[in-house]
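Number of protein chains: 2
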Amino acid sequence: MKNNIRVQRAIKNITQAELADLIQVSRQTINTIESGKYVPSTVLALKMARVFDKPVEEIFELEDGD
Amino acid sequence: MKNNIRVQRAIKNITQAELADLIQVSRQTINTIESGKYVPSTVLALKMARVFDKPVEEIFELEDGD
DNA sequence: ACTAAATGTAAAGTATTTTTGATATAAATG
DNA sequence: CATTTATATCAAAAATACTTTACATTTAGT
Chain A
1 MKNNIRVQRA IKNITQAELA DLIQVSRQTI NTIESGKYVP STVLALKMAR
51 VFDKPVEEIF ELEDGD
Chain B
1 MKNNIRVQRA IKNITQAELA DLIQVSRQTI NTIESGKYVP STVLALKMAR
51 VFDKPVEEIF ELEDGD
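Chains as they are written, first to last, in full-length UniProt numbering: chain A, 1 to 66; chain B, 1 to 66.
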């Protein structure tokens with residue numbers, strides 16, 4: 001699973017902390033997801049997609065290992 | 001989080017066991033997700049979306065509580 | 001260079017997801 | 001009806017997601 005949350009944040013020009021607030025998780029959760037340390041739940045993925053106004057598939061992408 | 005996995009399975013005419021095989025999880029995992037007992041990871045959501053050839057948003061939907 | 005804001009990281013704990021195995025019920029088919 | 005196939009459920013363990021607190025590092029602006 002890779003993601004381009006950093007890019008999407010850049011487009012919207014919001015910080016990790018702001019995104020965390022918007023989807024009601026801790027800042028560290030955003031940070032660790034963003035840096036690929038773990039895969040978020042579908043609820044978080046949908047919330048991010050909603051914030052960024054992009055389909056989930058455009059933010060999260062399956063990789064070979066998955 | 002609600003989902004319409006059962007409907008999507010019906011459209012493709014596959015069993016829980018077959019879907020489980022296709023996305024490499026146990027049959028129980030499909031069953032419990034399908035019956036709303038828990039929220040799957042984004043990896044599972046993306047895999048299902050791929051199997052059903054539908055965007056994640058069309059299979060999983062956020063609810064008020066989420 | 002100094003400062004403040006943003007990001008990275010770590011440890012410890014809680015909560016949730018997923019698996020496995022077993023069993024039960026329901027639905028479909030001969 | 002009897003048998004097979006599909007779905008539901010349960011309990012316990014393993015794995016993973018998420019929180020909190022706290023501190024270190026990087027980045028950007030002045």
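Beta carbons: idealized from backbone N, C-alpha and C, even for Gly.
Pair within 8 Å by beta-carbon distance, residue i and residue j
i: residue 103/B; j: Val43/A; result: Absent from the structure is residue 103/B, since the part of chain B shown begins at 1 and ends at 66.
i: Leu62/A; j: Leu46/B; result: yes
i: Ser41/A; j: Ser41/B; result: yes
i: Asn3/A; j: Gln16/A; result: no
Chain-ordered chain A contacts of residue i [CB-CB under 9 Å]
i: Lys47/B; result: Leu62 and Asp66
Chain A residues whose Cβ lies nearer than 8 Å to that of residue i
i: Thr29/B; result: Neighbours of Thr29/B on chain A: none; closest Cβ ~13 Å, over 8 Å.
i: Val25/B; result: Near Val25/B there are no residues of chain A at all, since even the closest Cβ is about 12 Å away, more than 8 Å.
i: Ser41/B; result: Val39, Pro40, Ser41 and Thr42
Supposed contact pair residue j and residue i - C-beta distance, whole angstroms, cut 8 Å
i: Val56/B; j: Leu19/B; result: Not really, about 15 Å apart at Cβ, beyond 8 Å.
i: Ile5/B; j: Ile33/B; result: 7 Å
i: Gln24/A; j: Lys54/A; result: About 19 Å; that fails the 8 Å criterion.
Neighbour flag for residue i against chain B, beta carbons, 8 Å
i: Val56/A; result: yes
Taking the runs of the alpha helix (DSSP H) that are 4 residues or longer, which of them lie wholly in the UniProt domain "HTH cro/C1-type" (5-59) of chain B? 5-12, 16-23, 27-34, 42-52 and 56-59
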